[in-house]
Amino acid sequence: MVGPNLSRTSILIKTELMNRFEHILQEEVISLNNLIFLIDEAARTERFLSKPKHPGTPSMYDLLITTYEKKDIGYYEKALLKLRATPKQITRWEFAIDALLAIETDISKEPILDRQIIWMRANRFKWTQVGKHFGFNRVSIKNRYMKILSALINKIKNNNNKYCKLNKILYLI
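Numbering-wise, the sequence shown is residues 225 to 397 according to our numbering.
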């Protein structure tokens with residue numbers, strides 16, 4: 225009688241371990257995808273941020289709005305629409321930059337190179353273009369990218385304040 229009960233309990237333990245393993249794996253994949261999405265959105269948001277002006281540019285020209293009338297010579301329709309980043313996008317952009325700056329020598333041997341790889345990929349460069357830029361092939365660049373992102377996720381999770389901030393930025397704002 226001990227044998228069948230033991231096998232049933234071992235089966236139950238195995239299924240419980242598999243369920244726990246699947247849950248942990250799903251959380252890791254979700255957090256990795258969230259970080260990739262956040263960095264991609266930060267790269268897209270950077271296009272909407274206003275650019276710095278030349279030091280000699282007077283600020284009064286920003287206040288003046290030139291109007292054109294149809295009877296004027298050289299009249300044309302001038303687009304007045306300027307897309308700007310929302311506060312939500314700026315907050316996420318700031319967190320993504322902080323996350324990229326968290327890539328240090330404890331995560332990789334060449335942190336600046338890895339930051340550039342992640343940022344180029346966020347700007348939608350192809351793996352082959354990124355690889356040619358840095359002198360690697362596309363497979364080694366992709367493997368390096370995934371390795372750095374997973375190490376970054378673990379670092380953010382270990383620093384609980386940043387992980388709570390990541391969840392807050394992704395879901396509550």
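Idealized CB from N, CA, C, for every residue including glycine.
This one's a predicted model, so the numbers in the text were calculated from it and none came from an experiment.
Confirm, please, whether the CB-CB distance from Ile341 to Phe358 is below 8 Å. Taking the first residue of the sequence shown as 1, we reach residue 358 at position 134. Taking the first residue of the sequence shown as 1, we reach residue 341 at position 117. With respect to the 8 Å criterion, Phe358 and Ile341 are classified as neighbours on the basis of their beta carbons.
Using a Cβ-Cβ cut-off of 6 Å (strictly less than) and excluding sequence neighbours within five positions of Arg308, which residues of its own chain qualify? Within the sequence shown, numbered from 1, the residue matching residue 308 stands at position 84. Phe272, listed in sequence order.
The ligand GTP heavy atom lying under 7 Å from the CB of Glu318: Within the structure as shown, the ligand GTP is missing, as the structure has no ligands at all.
Thinking Glu376 and Leu259 are a contact (beta carbons under 8 Å), I'd like their distance in whole angstroms, please. On the sequence shown, residue 376 is found 152 positions in, with the first residue counted as 1. On the sequence shown, residue 259 is found 35 positions in, with the first residue counted as 1. The question names Glu, yet the displayed sequence has Leu at residue 376. Contact holds; Cβ gap of about 7 Å.
Pop quiz: Trp351 and Arg368 are said to be a contact at Cβ under 8 Å. What is the actual Cβ separation, rounded to whole angstroms? Counting from one through the sequence shown, the residue named residue 351 turns up at place 127. Counting from one through the sequence shown, the residue named residue 368 turns up at place 144. So it is not a contact: roughly 11 Å between Cβ atoms.
How should Val354 be labelled, buried or exposed, when 16 other C-beta atoms within 10 angstroms of its C-beta is the threshold for buried? Here the question's residue 354 lines up with position 130 in the sequence shown. Label assigned to Val354: buried.
Going straight from the alpha carbon of Asn378 to that of Leu337, what length do you get? Against the sequence shown, residue 378 aligns to sequence position 154. Against the sequence shown, residue 337 aligns to sequence position 113. Near 20 Å, if we compare the C-alpha coordinates of Leu337 and Asn378.
Cβ separation of Ile314 and Thr269, assumed to be a contact under 8 Å, to the nearest whole Å: For the purposes of this step, residue 314 is taken as the residue at position 90 of the sequence shown. For the purposes of this step, residue 269 is taken as the residue at position 45 of the sequence shown. Rounded, the Cβ-Cβ distance is 7 Å, consistent with contact.
Quick one: is Leu396 buried, meaning 16 or more other Cβ sit within 10 Å of its Cβ, or exposed? Within the sequence shown, residue 396 is the residue found at index 172, counting from 1. Caution applies to Leu396, whose pLDDT of 44 falls short of 50 and renders its modelled position unreliable; the model cannot decide the point.
Does the distance from the C-beta atom of Leu256 to that of Ser374 stay below 8 Å? In the sequence shown, the residue the question calls residue 256 occupies position 32. In the sequence shown, the residue the question calls residue 374 occupies position 150. Result yes, Cβ atoms of Leu256 and Ser374 sit closer than 8 Å.
Given that a residue counts as buried once 16 or more other Cβ atoms are within 10 Å of its Cβ, and exposed if not, what is Ile372? Against the sequence shown, residue 372 aligns to sequence position 148. Taking a 10 Å sphere around the C-beta of Ile372, we find 16 or more other C-beta atoms and assign the residue as buried.
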